[in-house]
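Before any comments, here is the structure.
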Amino acid sequence: MTKTKTKTVTVTVTVTVMAALLLAAASAHAQTVTFTDINDAVPGKFFDAASSVPDASDPNTLVIGLNTGLDGTIWKHRDFKASLLPFSYASATDTISFVIHAPDGYYVATVTYQENLVLGNSRFGRAFAATQLVVNGIATEEHFADLSDLGATRVPMSITTSLVAANADAKVVDGRVVVQVLPLPEPPAVQEVPPVPPVPEVPPVPAVPAVLEVPAVPVPLAR
């Protein structure tokens with residue numbers, strides 16, 4: 039009998055932000071973002087938009103919901119899992135999308151996606167996973183997006199994860215989106231316009247002297 043070993047792979051993204059950014063973030067921690075328009079591409083299995091809600095202990099973190107149980111109409115498991123076992127999908131792909139809204143007076147500075155996966159790895163099989171993000175219209179394989187130079191108060195985002203079982207299982211265990219906000223910069227002060235100096239009074243035009251009457255020239259009489 040041959041034993042198959044399963045390796046658990048945990049994918050976690052940790053981001054270090056500049057000290058100045060962290061100091062500003064401390065004052066912004068109490069400011070809460072809003073997640074709207076939460077949808078997933080494959081309703082009823084894999085990602086679950088309906089159960090994706092902010093974390094009770096940190097409302098700036100969106101906990102991605104995952105479906106569970108068995109779909110009795112097609113006899114397939116709803117979990118976000120790829121497996122060659124009965125009642126499972128050999129591959130699984132889903133996309134979840136939403137919009138992040140910063141509170142008044144703040145903007146979205148950074149977005150981090152934290153994902154936990156279990157990937158089978160043995161002598162007889164492998165499992166594969168890939169995740170891509172689209173943050174504010176920019177596609178990336180990175181799980182972190184720095185938006186601090188944009189000052190965006192509304193950020194659309196989507197997450198696409200694909201799993202493939204090659205004689206070993208792959209499963210999404212947990213996913214969450216962590217948002218950091220910072221205060222919007224103060225607008226520059228408007229400089230005071232110096233007063234316009236008064237226009238000097240125009241001196242009056244001197245009166246035109248009267249034209250002297252030309253005396254009549256006597257004409258001598260003809261003789």
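In case it helps, my numbering puts the sequence shown at residues 39 to 261. Glycine included, every Cβ here is placed at the ideal spot set by N, Cα and C. Since the model is a prediction, treat every value here as computed from it, not as a measurement.
So, helix, strand or coil for R116, using DSSP?
DSSP, reduced to helix, strand and coil, places R116 outside both helices and strands of the structure shown, so it counts as coil.
Can you have a look at E272 and say buried or exposed, based on whether 16 or more other CB atoms are within 10 angstroms of its CB?
An answer regarding residue 272 cannot be provided, because it is not within the stretch 39 to 261 covered by the chain.
In terms of residue numbering, what span does the beta strand (DSSP E) encompassing P144 cover?
Checking the displayed sequence, the identity of residue 144 turns out to be Tyr instead of Pro. Boundaries of the beta strand (DSSP E) around Y144: Y144 to L157.
Quick one: what's got a C-beta closer than 6 Å to G158's C-beta in the same chain, skipping five residues either side?
Only T44, A165, A206 and D207 meet the Cβ criterion.
Where the beta strand (DSSP E) containing N77 begins and where it ends:
N77 -> beta strand (DSSP E) spans T72 to D78.
Work out the CA separation of G143 and P221 for me, nearest whole Å.
So the alpha carbons of these two residues sit roughly 6 Å apart.
Under a Cβ-count criterion, where at least 16 other Cβ atoms within 10 Å of its own Cβ denotes burial, should D187 be classed as buried or exposed?
Counting of Cβ neighbours within 10 angstroms places D187 among the exposed residues, the total staying below 16.
So, at 7 Å on beta carbons, what are the nonlocal neighbours of Q69 in its own chain, with the 5 sequence-adjacent residues on each side left out?
Once the five neighbours on either side are set aside, the close Cβ partners of Q69 are P141, Y144 and V219.
Starting from V173, trace the beta strand (DSSP E) in both directions and tell me its first and last residue.
Counting along the chain, V173 sits inside the beta strand (DSSP E) bounded by residues R164 to V173.
Look at the alpha carbon of A63 and the alpha carbon of V149, and state the distance between them as a whole number of angstroms.
Low local confidence applies: a pLDDT of 49 at A63 is under 50, so the model's placement there is unreliable, and no value is given.
Specify, as a first and last residue, the run of the beta strand (DSSP E) that A128 falls within.
First-last for A128: undefined, no H or E at that position.
Contact under 9 Å by Cβ, T199 with G189:
Against a cut-off of 9 Å, the Cβ pair of G189 and T199 comes out as no contact.
Within 9 Å (strictly less), CB to CB, does A190 reach chain B?
Among the chains in the structure shown there is no chain B, since it carries only a single protein chain.
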